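J.: Residue numbers (this note's numbering): 1 to 421. Glycine included, each C-beta is placed from N, C-alpha and C at the ideal position. Nothing here was measured: the structure is a model prediction, and the numbers come from that model.
#1: Taking the straight line between their C-alpha atoms, what separation do you get for residue 414 and residue 233?
#2: With respect to the beta strand (DSSP E) encompassing residue 180, which residues constitute its N-terminal and C-terminal limits?
#3: Please tell me whether residue 361 and residue 337 are closer than 7 Å, where the distance is taken between their beta carbons.
#4: Answer yes if the segment 87 to 96 comes into contact with the segment 68 to 78, meaning at least three C-beta pairs across the two stretches below 8 Å, and no otherwise.
#5: Is DSSP giving residue 284 helix, strand or coil here?
#6: How big is the Cα-Cα spacing for residue 296 and residue 186?
#7: Secondary structure at residue 3, three-state DSSP: helix, strand or coil?
#8: What's the C-alpha gap between residue 44 and residue 37?
#9: May I ask you to report which of helix, strand or coil DSSP gives residue 440?
#10: How long is the line joining the alpha carbons of residue 372 and residue 420, rounded to whole angstroms?
#11: Give a yes or no on contact between the segment 310 to 330 and the segment 279 to 295, applying the rule of three or more CB pairs nearer than 8 Å.
#12: Terminal residues of the continuous beta strand (DSSP E) containing residue 160?
#13: Measure the alpha-carbon distance for residue 418 versus residue 82 and round it to whole angstroms.
#14: For the structure I just gave you, are there three or more beta carbon pairs, one from the segment 243 to 259 and one from the segment 224 to 232, closer than 8 Å?
#15: Measure the alpha-carbon distance for residue 100 versus residue 32 and round it to whole angstroms.
#16: Can you give me the Cβ contacts of residue 109 inside the same chain, cut-off strictly under 7 Å, excluding the 5 residues immediately before and after it?
#17: If you reduce the DSSP assignment to three classes, tell me which class residue 206 lands in.
#18: Alpha carbons only, please: which of 313, 343, 266 and 78 is nearest the one belonging to residue 409?
#19: Reducing DSSP to helix, strand and coil, say where residue 309 ends up.
#20: Would you mind working out which of 106, 312 and 236 sits nearest residue 194, comparing C-alpha positions?
#21: Out of 392, 144 and 401, which has the shortest C-alpha to C-alpha gap to residue 365?
#22: To the nearest angstrom, how far is it from the Cα of residue 140 to the Cα of residue 281?
#23: Could you tell me how far apart the beta carbons of residue 124 and residue 144 are, in whole angstroms, since I believe they sit closer than 8 Å?
#24: Rounded to a whole number of angstroms, what is the C-alpha to C-alpha distance between residue 344 and residue 350?
#25: Name the two residues that bound the continuous beta strand (DSSP E) containing residue 486.
#26: Quick one: Cα of residue 262 to Cα of residue 63, how far?
#27: In three-state terms, what does DSSP make of residue 413?
#28: Among 49, 41 and 298, which residue has its Cα nearest to the Cα of residue 30?
#29: Can you tell me whether residue 387 is helix, strand or coil according to DSSP?
#30: Rounding to the nearest angstrom, what Cα-Cα distance links residue 314 and residue 117 in this structure?
#31: What residue does the beta strand (DSSP E) around residue 300 start on, and which one ends it?
#32: Going by DSSP, which residues form a beta bridge with residue 57?
#33: Report all residues from its chain with a CB closer than 6 Å to the CB of residue 389; omit the five preceding and five following residues, and keep chain order.
#34: How many angstroms separate the CA atom of residue 126 from the CA atom of residue 180?
#35: Could you tell me the alpha carbon to alpha carbon distance between residue 309 and residue 192, rounded to whole angstroms?
Next up, the structure:
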């Protein structure tokens with residue numbers, strides 16, 4: 001007789017123990033576990049189930065289970081503890097329940113904790129929720145790291161990736177997060193400027209923060225002209241006037257609604273920026289590019305990093321580009337490098353849209369894009385940036401970054417540039 005669901009919602013202790021007051025339930029539970037074990041272990045030995053987690057049901061109502069499988073004989077609470085000489089291999093599987101037994105088996109993670117670094121502090125954590133698995137792993141030496149991957153279990157997909165690093169004795173740290181649902185990235189980091197002072201406490205306002213400008217490969221024909229008629233969708237970094245997390249930084253003025261100015265940008269093939277700006281009120285013709293609606297590019301060379309502190313590059317250079325005609329203006333730092341700019345405007349669903357194709361003289365190392373919104377032509381109402389920009393500090397600039405997914409490609413779909421897998 002089949003259990004109602006693969007493991008009938010029973011705790012692992014009941015399933016792996018012979019002590020129960022209900023022999024029928026006990027027998028069924030052991031049969032269910034043995035079917036899963038046999039399916040996953042095949043001919044491998046040693047091989048046993050050590051942990052089972054309920055993960056809800058799939059779209060067809062089949063129960064989803066996460067199984068932690070030990071491929072060693074180490075017993076007790078230390079069955080997956082670090083061991084530099086002989087780590088204990090184990091695996092994490094997704095299993096579904098079908099009428100004939102376990103089905104939909106997929107090995108998600110293969111592990112063997114050898115300490116994950118010379119400090120020997122390696123550790124794995126598994127958190128299971130409805131249709132979700134979060135795997136955390138940490139290790140390192142004096143430099144510590146933490147990686148976290150969030151999986152959707154049905155349909156199977158990596159939803160988010162996080163990577164943290166920090167020094168055990170110094171005020172050096174960084175966090176990089178990619179949300180692969182929205183294809184948006186987020187980076188926060190801090191390092192003292194040389195000479196460093198060792199371990200100090202870092203406040204949130206000291207952190208450098210930016211959204212990476214998505215770095216991708218242009219679809220065939222896109223840069224030849226299709227960019228003019230193609231909106232920027234998920235294959236672009238997006239900021240707006242709202243000032244909310246994940247929507248850029250309002251570095252001057254006060255936040256507003258997203259419709260009161262938004263910008264999308266993607267860096268294609270290393271040095272071609274495509275920028276799309278939408279606004280509910282356009283200002284031009286004031287005679288001063290600073291008070292007209294425009295975008296700004298802030299760029300700088302890479303900083304030198306010693307591991308304990310950073311040597312910042314020279315002050316960043318600023319260019320202004322008019323949204324009205326694509327004219328380029330040298331801003332702070334009096335930059336000499338020329339930018340090639342093409343412009344196209346359109347009306348999309350009643351909204352005025354300007355698209356710019358900006359060819360840089362070389363691939364940028366540090367870069368921030370700013371939307372300058374006037375609304376009245378007499379002054380700047382708001383500056384929205386892709387980083388927490390401080391114009392006097394090159395370290396406050398952001399960078400371009402590729403989405404950490406080998407299967408995601410930029411493609412034109414329904415007149416939008418989107419990621420497809």
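T.: In terms of the structure at hand:
#1: To locate residue 414, count along the chain shown from 1; it is residue 414. To locate residue 233, count along the chain shown from 1; it is residue 233. Residue 414 and residue 233: Cα-Cα distance of roughly 10 Å.
#2: Sequence index remark: in the chain shown, residue 180 carries index 180 (1-based). Counting along the chain, residue 180 falls outside any beta strand (DSSP E), and DSSP gives it neither H nor E.
#3: If you number the chain shown from 1, residue 361 lands on position 361. If you number the chain shown from 1, residue 337 lands on position 337. For residue 361 and residue 337, yes; Cβs fall inside 7 Å.
#4: yes
#5: Along the chain shown, one-based indexing puts residue 284 at 284. Residue state, collapsed to three classes: coil.
#6: Position 296 of the chain shown, counting from 1, holds the residue named residue 296. Position 186 of the chain shown, counting from 1, holds the residue named residue 186. When rounded, the distance between both Cα atoms is 21 Å.
#7: Counting from 1 along the chain shown, the entry for residue 3 is found at position 3. Residue confidence for residue 3 is low, a pLDDT of 36 falling below 50, so the modelled location carries little weight and cannot support an answer.
#8: Within the chain shown, numbered from 1, the residue matching residue 44 stands at position 44. Within the chain shown, numbered from 1, the residue matching residue 37 stands at position 37. For residue 44 and residue 37, the distance between alpha carbons rounds to 10 Å.
#9: The structure shown does not extend to residue 440, since the chain spans only 1 to 421, so no value can be given for it.
#10: As a working note, residue 372 is residue 372 in the chain shown. As a working note, residue 420 is residue 420 in the chain shown. Taking the straight line joining both Cα atoms gives about 31 Å.
#11: yes
#12: In the chain shown, the residue the question calls residue 160 occupies position 160. Where residue 160 is concerned, the enclosing beta strand (DSSP E) stretches over 156 to 167.
#13: Position 418 of the chain shown holds residue 418. Position 82 of the chain shown holds residue 82. The alpha-carbon atoms of residue 418 and residue 82 are separated by roughly 42 Å.
#14: no
#15: Your numbering for residue 100 matches position 100 in the chain shown. Your numbering for residue 32 matches position 32 in the chain shown. Straight-line Cα distance between these residues: approximately 11 Å.
#16: By one-based count along the chain shown, residue 109 stands at place 109. Within the same chain, residue 109 has close Cβ partners 91, 92 and 135.
#17: Looking up residue 206 in the chain shown gives position 206. Residue 206: helix per DSSP, three-state reduction.
#18: By 1-based counting over the chain shown, the position of residue 409 is 409. Nearest C-alpha to residue 409: 266.
#19: For the purposes of this step, residue 309 is identified with residue 309 of the chain shown, where counting begins at 1. Three-state result, residue 309: coil.
#20: If you number the chain shown from 1, residue 194 lands on position 194. Answer by Cα proximity: 312.
#21: Here residue 365 is taken as the residue at index 365 of the chain shown, counted from 1. Nearest option by C-alpha distance: 401.
#22: Start at 1 with the first residue of the chain shown, and residue 140 comes out as number 140. Start at 1 with the first residue of the chain shown, and residue 281 comes out as number 281. Roughly 52 Å between the two C-alpha positions.
#23: Residue mapping note: residue 124 aligns to position 124 of the chain shown, counting from 1. Residue mapping note: residue 144 aligns to position 144 of the chain shown, counting from 1. Wrong, their Cβ atoms sit about 15 Å apart, outside the cutoff.
#24: In the chain shown, counting from the first residue as 1, residue 344 sits at position 344. In the chain shown, counting from the first residue as 1, residue 350 sits at position 350. Whole-angstrom Cα-Cα distance: 16 Å.
#25: No statement about residue 486 is possible, as the shown extent of the chain runs from 1 to 421 and does not include it.
#26: In the chain shown, the residue the question calls residue 262 occupies position 262. In the chain shown, the residue the question calls residue 63 occupies position 63. Residue 262 and residue 63: Cα-Cα distance of roughly 43 Å.
#27: Residue mapping note: residue 413 aligns to position 413 of the chain shown, counting from 1. In this structure, residue 413 counts as strand in the three-state DSSP scheme.
#28: Translated into positions along the chain shown, residue 30 becomes position 30. Closest option to residue 30, Cα to Cα, is 49.
#29: Taking the chain shown and counting its residues from 1, one reaches residue 387 at position 387. Correct three-state label for residue 387: strand.
#30: Residue 314 sits at position 314 when you count from the first residue of the chain shown. Residue 117 sits at position 117 when you count from the first residue of the chain shown. Going by the C-alpha atoms only, they are around 36 Å apart.
#31: If you number the chain shown from 1, residue 300 lands on position 300. Element bounds for residue 300: 294 to 300.
#32: In the chain shown, the residue the question calls residue 57 occupies position 57. According to DSSP, residue 57 bridges with 63.
#33: Reading the chain shown from its first residue, position 389 is the one you call residue 389. Cβ neighbours of residue 389 beyond the five flanking positions: 251, 368 and 396.
#34: On the chain shown, position 126 is the one that residue 126 refers to. On the chain shown, position 180 is the one that residue 180 refers to. Their backbone Cα atoms lie some 20 Å apart in a straight line.
#35: The sequence position of residue 309 within the chain shown is 309, counting from 1. The sequence position of residue 192 within the chain shown is 192, counting from 1. Each residue's Cα considered, the two are about 5 Å apart.
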